[in-house]
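Trainee: Attaching a single structure in structure tokens format; questions to follow.
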Amino acid sequence: MEQNPPPPTFPSPEELKTKITEFMKQNFGDRVSVAAFPAPEPAEAEPEEKAEKIDNQEFEFNFLPRDIKAHLDRFVIKQDEAKKVLAIAVCDHYNHAKYLRQLEKENPKQAEQLEYTKQNVILVGPTGVGKTYLIKHIADLIKVPFVKADATKFSETGYVGGDVEDLVRELVHKANGDVNLAQFGIIYIDEIDKIASAGNLIGRDVSGRGVQTTLLKLMEETEVPVRSMNDLQAQLQAAFEFQRKGKAKRETINTRHILFVVSGAFEKLKEQVARRVRQGQIGFRAEPVQVMDNELFQHVTTKDFVEYGFEPEFIGRLPVRVVCLDLDADDLFKIMKFSEGSLLRQYERAFRAYGIDISFDDEALRLIAEAAAAERTGARGLLTVFEKLFRDYKYHLAGSGLSQLRVTAELVREPKRVLDRLMAEGEKHEAKMLEAAARQFAEAFGKEHGLEIVFDDSALRRLVERAQSERMNMNDICAHLFKDYQFGLSLVKKNTGRTKFVLGAAAVDAPDRCLSELVVQSYYPIAGGPVKEDSAAAISKA
40 MEQNPPPPTF PSPEELKTKI TEFMKQNFGD RVSVAAFPAP EPAEAEPEEK AEKIDNQEFE
100 FNFLPRDIKA HLDRFVIKQD EAKKVLAIAV CDHYNHAKYL RQLEKENPKQ AEQLEYTKQN
160 VILVGPTGVG KTYLIKHIAD LIKVPFVKAD ATKFSETGYV GGDVEDLVRE LVHKANGDVN
220 LAQFGIIYID EIDKIASAGN LIGRDVSGRG VQTTLLKLME ETEVPVRSMN DLQAQLQAAF
280 EFQRKGKAKR ETINTRHILF VVSGAFEKLK EQVARRVRQG QIGFRAEPVQ VMDNELFQHV
340 TTKDFVEYGF EPEFIGRLPV RVVCLDLDAD DLFKIMKFSE GSLLRQYERA FRAYGIDISF
400 DDEALRLIAE AAAAERTGAR GLLTVFEKLF RDYKYHLAGS GLSQLRVTAE LVREPKRVLD
460 RLMAEGEKHE AKMLEAAARQ FAEAFGKEHG LEIVFDDSAL RRLVERAQSE RMNMNDICAH
520 LFKDYQFGLS LVKKNTGRTK FVLGAAAVDA PDRCLSELVV QSYYPIAGGP VKEDSAAAIS
580 KA
């Protein structure tokens, strides 16, 4: 009877390296190299592992809606209704997750039958009003991993399969591999309005609809492998685990308790809502109620989203609708003045790194807020205005000796003129500091060597000019210029008894020549020759 051939053995690390190297070379050329993994030592058979959930860290949630709103108030100005709605949605979501976890321990069968509609959120509002900031600070408060993605990258690549699942895996990475904590994380997808299907296209808009369809399962409940099939490193790890143990552990993460938040500016949706609101008022009121532009999003309905290009099933998975209002100049002023994440703190740190303490007058902040509001990019306009306003200040004032910078209305209106004045004042201040440093060097020289040296005004001016032009420390310059003076002046002291020496500009320009002339002159009395009183070394007797 013919025997069946033995099953193929798993290749060794060297064989695997060779195969992978050949594949890489064929597809990517010689630019890619593959390193061999050391062969694992034969291990004893390990006992069969029981399938169990990974409980590295027990997730706890003990917040009230007002606790979350109070936290958001510290960082986000305005958006009171949005903060309230988000706080309630987050509490509902995580309180249910907490209840379900407890029920799974007490009555697993009842837990399986429990139905619940997830509180996934859609955030609507113009750019720069704090949409991302809101969600990020909620995640920070409740201590869950947070992942942000841009919906446009999915549509640009034609989106097939694993990209959105990679967001779930990124939660595991943010949770340092703790799958239990990752399954309570928050996934935030921005610019969701960019994947709306175009209603006027003939046929199917595969890109936009494809992303929406793929997101449906994730937003509800599905199992996502922790290791991606497209991740070469993860697959190699699984292969070596299989070789060592005879099997590879397959970890998955359930998306049931992951909170999904999507957002977008929805500019065209505003026009669509405005048209519907105007049409709805015809025939019902003699005088139509005027709806302000910044209030239009408050009137958005599910039908509006569907007409905009979203699948009904997709928008139905986002039951919580949050509207963020546009920011005016007064709001931007309050953001700078009162938000804990104010841009002022960033610029205070930036200037402090150069030894400058910066402060802001309220009138100056009002002008900055007005300029930022004119950018029409929300709070992002503040950074645009700040960068343009302080670019030259950082460049020219760093290292200038200036220690205080007060931002006034005059500075905001005429930044160049104020900068020129500050630079002139800074140079004067720096000169005084450098002169003081030169005198300190002379004093320390006298104490160390018993020889008194004094820099006259011409020497001080020349030393300051040199320190400023070469951007060197005054003590280092003096130590370099007068490194041999303790020896030469000690010889002069021995020959003449002189202990005090006044140094002029010539001593700074040519220190070696001046010292040499003084030493030579000190020998004239012994040799019977004349002593020059007006030495080129600019050193006079005491």
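Note that the working numbering gives residue 234 to position 195 of the sequence shown, counting from 1, and the numbers run on in steps of one.
C-beta: ideal position from N, C-alpha, C; glycine also.
1. How close, in whole Å, do the beta carbons of I116 and S378 come, if the pair is a contact with beta carbons under 8 Å?
2. List in chain order: all unbroken alpha helix (DSSP H) runs of 4+ residues lying wholly within the stretch 426-466.
3. Around the Cβ of T294, are there at least 16 other Cβ atoms within 10 angstroms (buried) or fewer (exposed)?
4. Alpha carbon to alpha carbon, how far is F429 from L422?
5. With DSSP as the reference, label F336 as helix, strand or coil.
6. Would you report the Cα separation of K256 and N215, rounded to the nearest angstrom?
7. Mapping the DSSP letters down to three states, classify G164 as helix, strand or coil.
8. For K122, count the other beta carbons within 10 Å of its own beta carbon; 16 or more makes it buried, fewer makes it exposed. Which is it?
9. Rounded to the nearest angstrom, what separates N239 and Y347 at their Cα positions?
10. Find the nearest neighbour of E230 within the set D551, L554, V250 and D367, judged by alpha-carbon distance.
11. Identify whether S508 lies in helix, strand or coil by the three-state DSSP scheme.
12. For V424, collect the residues of the same chain with a Cβ closer than 6 Å to its Cβ; drop the 5 residues on either side in sequence, then sort them by chain order.
13. With D515 as the anchor, note down where its alpha helix (DSSP H) starts and where it stops.
14. Considering only the beta carbon of each residue, do F353 and L254 sit closer than 8 Å?
15. Counting only the same chain and skipping the five closest in sequence on each side, list residues whose C-beta sits under 7 Å from that of Q149.
16. Using 8 Å as the threshold, is the C-beta distance between D495 and V541 below it?
17. Scan the stretch 400-429 and note each continuous alpha helix (DSSP H) run of 4 residues or more that stays entirely inside, going in chain order.
18. Going by DSSP, what residue range makes up the alpha helix (DSSP H) through E143?
19. Compute the beta-carbon to beta-carbon distance between V218 and R360, rounded to the nearest angstrom, for a pair I have assumed lies under 8 Å.
20. So the alpha helix (DSSP H) S236 belongs to, where does it begin and stop?
21. With 16 other CB atoms within 10 Å as the buried threshold, where does N159 fall?
22. Would you check if there are 3 or more beta carbon pairs closer than 8 Å linking the stretch 476-485 to the stretch 440-456?
23. What is the DSSP secondary structure of G303, counted as helix, strand or coil?
24. Which residues bound the alpha helix (DSSP H) around R295?
25. Among P165, K522, D459 and A545, whose alpha-carbon lies nearest the alpha-carbon of R501?
26. Give the secondary structure of E262 by DSSP, where H, G and I count as helix, E and B as strand, and everything else as coil.
27. Return the CA-CA distance between I225 and M258, expressed in angstroms with no decimal places.
28. Taking 8 Å as the cut-off, does the stretch 373-389 touch the stretch 180-196 (at least 3 CB pairs, one atom from each stretch)?
29. In three-state terms, what does DSSP make of D365?
30. DSSP on T291, reduced to helix/strand/coil?
31. Where L371 and L404 are concerned, what is the direct C-alpha to C-alpha distance, given to the nearest angstrom?
32. Write down the C-beta distance between L530 and V558 rounded to the nearest angstrom, noting that I regard them as a contact closer than 8 Å.
33. Is it buried or exposed, P184, if we count other Cβ atoms within 10 angstroms and call 16 or more buried?
34. How long is the line joining the alpha carbons of Q585 and H296, rounded to whole angstroms?
35. Can you tell which of F399, T341, G417 and L335 has the C-alpha that lies nearest to the C-alpha of D367?
36. Can you list, in chain order, the residues of its chain with a C-beta nearer than 7 Å to that of Y562? Leave out the 5 residues immediately preceding and following it.
Mentor: According to the structure data:
1. The Cβ separation is near 6 Å, so the contact holds.
2. 448-452
3. Buried is the call here.
4. Distance between the alpha carbons of F429 and L422 is about 10 Å.
5. helix
6. 25 Å
7. Coil, per DSSP.
8. buried
9. Residue confidence is low: N239 scores 45 on pLDDT, short of 50, so the model does not pin down where it sits. Its coordinate-derived value is still stated next. If you take the alpha carbons of N239 and Y347, they lie about 11 Å apart.
10. V250
11. helix
12. I407, A410 and A411
13. M513 to L520
14. yes
15. L142
16. yes
17. 401-414
18. D119 to E145
19. V218 to R360, Cβ: 31 Å. No contact.
20. No alpha helix (DSSP H) holds S236; DSSP gives it neither H nor E.
21. buried
22. The stretch 476-485 vs the stretch 440-456: no contact.
23. strand
24. First-last for R295: undefined, no H or E at that position.
25. A545
26. strand
27. 11 Å
28. no
29. coil
30. strand
31. 9 Å
32. 6 Å
33. buried
34. Past the edges of the chain, shown from 40 to 581, lies residue 585, and the structure says nothing about it.
35. G417
36. N534
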